[in-house]
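At position 231 of the sequence shown (counting the first as 1) the number is 237 in my numbering, and the numbers step up by one without a gap.
Even for Gly, the Cβ is constructed at its ideal location relative to N, Cα and C.
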Amino acid sequence: MQQAKGDAQLPAREAFAQLQRVLAWSTHTRSGDLAELSDLPENSPLWPLITSTTDNCLGSDCPLWSECFVVKARAQAQAADLVVVNHHLLLADLAIKQEGFGEILPGAQAFVLDEAHQLPELATRFFGEAIGARPLHDLARDAITECKEVAGALAAVQTPARALEQALRVLRLALEPLPPRGTQARLLDDGEAATALAGLDAAIAALIVALEPLQEASPGFAALHARTELQRARLARWQADNDDEVRWYETSARGFILQRTPLDVSAPLRAFRESSRAAWVFTSATLAVDGRFDHIAHRLGLIEPMTLLQPSPFDWQRQALCYLPPNLPEPSTRDYVAAVLTALRPVLQASGGRAFLLFTSHRALREAAEQL
């Protein structure tokens, strides 16, 4: 926030007006939750400038540590009798604890997980590893921003940081002819994409060299050097071979992500449960398969768990009808929402407009509202 306040080159003119609203809000908010800023667009260029991530957070070395909303929220959670979080936050906490980087949530005597059927799939994301265009762009931007704190640093950092940004653009362009999602082998077998990937690795390595002598100059540069080394290590691991993982890529309109996904998350989930010395309850309307819990128990690493299966109070034969529209495009494609709305119109006409539609983003919600 303080860095954004002092940035004379905001990415767009409207971003300056948005920043003024954020600064005014920051003087009276108690939670620091940006969801309170309902008028801040989700695609605002201001987001990466006013938020902190696990990558760029300085931890206790930050001069604003005592004022940090996350630190205050963590302290409140430590003192609470009951903490309610979503699966993503719980799994993020487990992943951080597994890597030995501290914790987000306090310990507990009991964990109750609703909608537990989603847990194995979500866990693969958190116990996996990714390297993407967005974090690397942020890394290059943060490196240049940190130069304001150290005299003479810009001369050493600017060229490799800009080269990293260019390498990201080259790789994204090289991925354009490929399918929007594919395997590691599909990418590496493409000569242009493989060459661009090697160029990205070289650009990251050059930035590491530039940041090396600046580590003692500021905590920010020390953190940046560690982040850059971490990103290069992730890229190396993505290019390696491991039969226990799936390696794949995915492109979006502005970037890409290279993902390593474990085939089995039962071991880390079981290890955390055992170390927590707590009671665990997994509940959902769709945990059982053919009246048994064997499948979900195996995926969660549960050994002979106590189980309870309650019959549904609904008459599904009379009260429900399932419709799966054929030939829908991938959700990540630009025409996905339009295709869904085309499939929805006959359903809405049949129901006389009586419907409750759920969306995964505000952008999709607005687009549907405009077209319907």
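Beta-bridge pairing of residue i - partner residues as DSSP gives them
| i | result |
| --- | --- |
| I137 | L264 |
| G188 | Y255 |
| L119 | F288 |
| R298 | V295 |
The alpha helix (DSSP H) enclosing residue i, as first and last residue numbers
| i | result |
| --- | --- |
| R238 | 225-245 |
| G380 | Nothing can be reported for residue 380: it is not among the residues displayed for the chain, which extend from 7 to 378. |
| L174 | 159-181 |
| H34 | Taken as a continuous stretch (DSSP letters only), H34 belongs to no alpha helix (DSSP H), as it is neither H nor E. |
| E280 | 272-282 |
| Y342 | 342-356 |
| K78 | 75-85 |
| T130 | 125-132 |
| E373 | 368-377 |
| W322 | 322-325 |
Cβ-based burial, residue i [other Cβ within 10 Å; buried from 16]
| i | result |
| --- | --- |
| I210 | buried |
| F362 | exposed |
| L330 | exposed |
| A204 | exposed |
| L177 | buried |
| W71 | exposed |
| P166 | buried |
| S367 | exposed |
| F288 | buried |
| L364 | exposed |
| R28 | One detail in the question is off: residue 28 reads as Val in this sequence, not Arg. V28 comes out buried. |
| V118 | exposed |
| T57 | exposed |
| V76 | exposed |
| F320 | exposed |
| L129 | The question names Leu, but residue 129 in the sequence shown is Ala. A129 should be labelled buried. |
| H231 | buried |
| A148 | The question names Ala, but residue 148 is Asp in the sequence shown. It counts as buried. |
| Y226 | Reading off the sequence, residue 226 comes out as Gly, not Tyr. Classification for G226: buried. |
Pairwise C-alpha distance: residue j and residue i
| i | j | result |
| --- | --- | --- |
| L46 | R36 | 18 Å |
| E127 | W254 | 16 Å |
| A14 | W286 | Since pLDDT at A14 reaches only 46, below the 50 mark, its modelled position is unreliable, and the value read off the structure follows with that caveat. Their Cα atoms are separated by approximately 51 Å. |
| A273 | G307 | 6 Å |
| D207 | A86 | 45 Å |
| L213 | R238 | 10 Å |
| A375 | P337 | 18 Å |
| G188 | T201 | 17 Å |
| G297 | V90 | 29 Å |
| E73 | A191 | 47 Å |
| A229 | E280 | 33 Å |
| E373 | S357 | 21 Å |
| A23 | C153 | 25 Å |
| A83 | P112 | 7 Å |
| V215 | Q221 | 11 Å |
| H301 | V295 | 7 Å |
| R360 | Y342 | 23 Å |
| R324 | Q355 | 20 Å |
| P183 | L100 | 38 Å |
| A79 | S50 | 25 Å |
| A284 | P219 | 46 Å |
Beta-carbon gap between residue i and residue j smaller than 8 Å
| i | j | result |
| --- | --- | --- |
| L125 | I110 | no |
| H93 | T292 | no |
| A345 | L334 | yes |
| S318 | D120 | no |
| Q172 | I150 | no |
| F262 | A169 | no |
| F133 | A98 | no |
| R240 | L145 | no |
| E155 | S258 | no |
| W31 | I137 | no |
| L217 | A199 | no |
| L347 | L327 | no |
| R266 | E135 | yes |
| P268 | E251 | yes |
| H143 | L174 | yes |
Start and end residues, beta strand (DSSP E) containing residue i
| i | result |
| --- | --- |
| Y255 | 251-257 |
| L287 | Looking at the sequence shown, residue 287 is not Leu but Val. Looking at the DSSP string, the run of the beta strand (DSSP E) that includes V287 is 285-288. |
beta-carbon residue i near the ligand NAD non-hydrogen atom, thresh 7 Å
| i | result |
| --- | --- |
| A162 | Absent from the structure shown: the ligand NAD. Ligands present: none. |
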